[in-house]
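So the structure is just underneath, and the comments pick up after that.
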Amino acid sequence: MGPVEFPSLQTEVAFLRGLVAVHRMADDILEDCLERGLDLDSGLDVFLTQCARMVHAPAGFVSLRGTQGPVLTRVLGDLGVDVFEAARWMGPHRLDDGRMLFCTRLTLGKLDLGGLGLVVEGGFEDGGGLVMKLVEAIGEQLDSAVLGFLALTDGRSALERLDELALDETPVPRGRIGRYEVVTPLGTGGMAQVLVARARGPEGLGRLVALKRILPHLTADPSIIQQFLDEARIGLRLSHPNLVHVYDFGEAQGAYYIAMELVRGVDLDRLIRALKGPLEPAHAVAVVVQALQGLQAAHGLRGEDGAPLHLVHRDLSPHNLMVGFDGRVKVLDFGVAKARAQRTVTLPGIVKGKPLYMSPEQARGQRLDARSDLFAMGLILYEALTGQRAFDRGDELASMQAICDERLTRPDSLPRPLWDVLEVALAKRPEARFGNAQEMADRLSDVCRPAKDVELSRLTSRYFPDRLREFNRMDRTEAAGRPGVPSVENEETQVRPAPRKSAR
1 MGPVEFPSLQ TEVAFLRGLV AVHRMADDIL EDCLERGLDL DSGLDVFLTQ
51 CARMVHAPAG FVSLRGTQGP VLTRVLGDLG VDVFEAARWM GPHRLDDGRM
101 LFCTRLTLGK LDLGGLGLVV EGGFEDGGGL VMKLVEAIGE QLDSAVLGFL
151 ALTDGRSALE RLDELALDET PVPRGRIGRY EVVTPLGTGG MAQVLVARAR
201 GPEGLGRLVA LKRILPHLTA DPSIIQQFLD EARIGLRLSH PNLVHVYDFG
251 EAQGAYYIAM ELVRGVDLDR LIRALKGPLE PAHAVAVVVQ ALQGLQAAHG
301 LRGEDGAPLH LVHRDLSPHN LMVGFDGRVK VLDFGVAKAR AQRTVTLPGI
351 VKGKPLYMSP EQARGQRLDA RSDLFAMGLI LYEALTGQRA FDRGDELASM
401 QAICDERLTR PDSLPRPLWD VLEVALAKRP EARFGNAQEM ADRLSDVCRP
451 AKDVELSRLT SRYFPDRLRE FNRMDRTEAA GRPGVPSVEN EETQVRPAPR
501 KSAR
């Protein structure tokens, strides 16, 4: 990395803090993978997601290559270009939608290990020079981490080890956390990573679960551990078909985890993006009505003493409404106490994230009750029906001001009865909204017949056939691992696609 000129001391400090954070995180992730026997894809999943959050990047990729081509690829968000083409790029590239993709090569001496890229929104007077330097630094840390992983797990050459990653798509155990054997990473957020795992007990291998664990570089923070355990305790008390079921939680060698139901489906945000526009009204209403029924159960939850717990989700969005391949909708992350803000790098031109699903009272920092979640559900319904985010004004402050002060007008495409429901849900004052989630669900069902589960199932299966096949393959492996259940093999399980692509 060449010399860097900073426009201000504040910018230089932010840049250096970012470098230190990346270095520490890379070391923590590498140590975590080695200690728990996790494979490289689990570490890449965490590294990519956390580096993207650091620079407010909504999308990005890491692609590693062996002697014959790409062998392991992780994609975050909507990249907007072909990942294998972008993996060959170097430097900043302006995308068709106006965003900037900053790409760097991953090298080991003269060896080409692949590429890394982060998509950043904003205008860059310097052409994005400072952001490009930070992305290059992130790439250099990833080079070192990959080298360390390959060297410490086996004595063979780096490219030979990478080639092995492309040999077989059959899900196999990749490390262990407590009594759970890790199968594959599913996704990573700001506080935790979710892995597909399989329970192991006295009777052998059990069902597949979604195993949520605190990120390795956050495990020393007592407040995050407490928040995580609070989430687990709340999850164990929740029981409803439209809420994700929590099985158990625990700690193993410093790794705190929650084992929960593995939802075989996609989140509503991905579904809207796949459609490239709005859902049909019956489909949108079905998703929201099911989610509201789950909210009703959570909002009414009582403690062991019979007193109401007054649970409020606080962070509802299309990302945490899962639409299953069976047509069942599940609300994720209910009752999660949010982790403290992660350190981010604010460099010239970068646009920060937008709080697009807050209620007015949440944006103002006021006390919240269940009606705040109903406002968020109104925003989600609006987006599902129009394909547009209601109060997206391009930056955090402007979006929050719009949520608090601006009124929406009815789009011509929205039928008046549905608009009438939205107007109540999106009332600025909580007392003007629906009294509870069930009341909103009933009103929605009255004005528009919700699609049946089988109709939602057809929709998700049609747009995400690869993901459905991936879950089916894992389910076959699960069945084969149970005593007395014969192994299932056919042409599909024998296919070894190249290059291997693992996209979130």
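Residue numbers for the sequence shown follow UniProt numbering, so the first one is 1 and each next one is one higher.
Each residue gets a CB set at the ideal place from its N, CA and C atoms; glycine is no exception.
Could you round the C-beta distance between residue i and residue j to whole angstroms and report it? I think they count as a contact, below 8 Å.
| i | j | result |
| --- | --- | --- |
| Gly331 | Leu321 | Residue identity differs from the one stated: residue 331 is Val in this sequence, not Gly. With a Cβ gap of about 6 Å, Val331 and Leu321 count as contacting. |
| Ala376 | Tyr357 | 5 Å |
| Ala197 | Val287 | Their Cβ separation, rounded to whole angstroms, is 27 Å, which puts Ala197 and Val287 out of contact at 8 Å. |
| Leu229 | Ala298 | Leu229 to Ala298, Cβ: 18 Å. No contact. |
| Phe149 | Leu40 | 6 Å |
| Phe325 | Gly265 | 5 Å |
| His245 | Glu261 | 4 Å |
| Leu456 | Val323 | 6 Å |
| Asp267 | Pro222 | Not confirmed; about 31 Å, so no contact. |
| Gly43 | Cys33 | 5 Å |
What are the boundary residues of the beta strand (DSSP E) that includes residue i?
| i | result |
| --- | --- |
| Asp267 | 265 to 267 |
| Val120 | 111 to 120 |
| Glu181 | 180 to 188 |
| Thr73 | 70 to 76 |
| Met358 | Taken as a continuous stretch (DSSP letters only), Met358 belongs to no beta strand (DSSP E), as it is neither H nor E. |
| Leu321 | 321 to 324 |
| Val454 | Segment 453 to 463 is the alpha helix (DSSP H) holding Val454; no beta strand (DSSP E) there. |
| Lys330 | 329 to 331 |
With respect to the alpha helix (DSSP H) encompassing residue i, which residues constitute its N-terminal and C-terminal limits?
| i | result |
| --- | --- |
| Thr11 | 9 to 36 |
| His299 | 281 to 299 |
| Phe102 | Here Phe102 belongs to no alpha helix (DSSP H); instead the beta strand (DSSP E) covers 100 to 108. |
| Gly435 | Here Gly435 belongs to no alpha helix (DSSP H), and DSSP marks it neither H nor E. |
| Arg88 | Counting along the chain, Arg88 falls outside any alpha helix (DSSP H), and DSSP gives it neither H nor E. |
| Cys404 | 396 to 405 |
Keeping to the same chain, check which residues put their C-beta closer than 6 Å to that of residue i; ignore five residues upstream and five downstream.
| i | result |
| --- | --- |
| Ala255 | Ile177, Arg213 |
| Leu130 | Leu347 |
| Val135 | Phe102, Thr104, Leu118 |
| Gly128 | Pro92, Met100 |
| Ala363 | Met400, Ile403, Cys404 |
Might you give, ordered along the chain, the residues of its own chain that have their beta carbon closer than 8 Å to the beta carbon of residue i, omitting 5 neighbours on each side?
| i | result |
| --- | --- |
| Ala26 | Phe47, Gln141, Leu142, Ser144, Ala145 |
| residue 527 | The displayed coordinates of the chain run from 1 to 504. Any statement about residue 527 would go beyond what the structure contains. |
| Glu379 | Rather than Glu, the amino acid found at residue 379 in this sequence is Leu. Correct list, in chain order: Leu356, Tyr357, Arg389, Ala390, Phe391, Leu426. |
| Arg367 | Glu361 |
| Val22 | Cys51, Met54, Ala137, Ile138, Gln141 |
Can you look up residue i in the DSSP assignment and give me helix, strand or coil?
| i | result |
| --- | --- |
| Gln193 | strand |
| Arg473 | helix |
| Phe249 | strand |
| Phe61 | strand |
| Arg443 | helix |
| Lys133 | helix |
| Leu243 | strand |
| Ala425 | helix |
| Ala384 | helix |
| Arg270 | helix |
| Ala151 | helix |
| Leu238 | coil |
| Leu142 | helix |
| Tyr257 | strand |
| Gly43 | helix |
| Arg207 | strand |
| Leu229 | helix |
| His310 | coil |
| Val55 | coil |
| Arg94 | strand |
| Arg302 | strand |
| Ala199 | strand |
| Arg416 | helix |
| Arg371 | helix |
| Arg410 | coil |
| Arg467 | helix |
Looking only at its chain, what residues have a beta carbon closer than 7 Å to the beta carbon of residue i, apart from the 5 residues adjacent to it on each side?
| i | result |
| --- | --- |
| Pro450 | Ala282, Val285, Ala286, Val289 |
| Leu374 | Ala425, Arg433, Phe434, Ala437, Met440 |
| Glu12 | Phe6 |
| Pro171 | At Pro171, the pLDDT of 45 sits below 50, so the modelled position is not reliable; the number obtained from the coordinates is stated separately. Val183, Thr184, Arg473, Met474, Thr477, listed in sequence order. |
| Asp28 | Pro216, His217 |
| Val454 | Gly327 |
| Gly37 | Gly175, Arg176 |
| Met90 | Cys103, Thr104, Arg105 |
| Ser399 | Lys354, Pro355, Leu356, Phe391, Asp392, Arg393 |
Quick one: is the Cβ of residue i within less than 7 Å of any heavy atom of the ligand NAP?
| i | result |
| --- | --- |
| Leu385 | Although the ligand NAP was asked about, the structure shown includes no ligands whatsoever. |
Stretch pair the region 409 to 421 + the region 256 to 273: three plus CB contacts closer than 8 Å: The answer is no - the region 256 to 273 does not touch the region 409 to 421, with fewer than three Cβ pairs under 8 Å.
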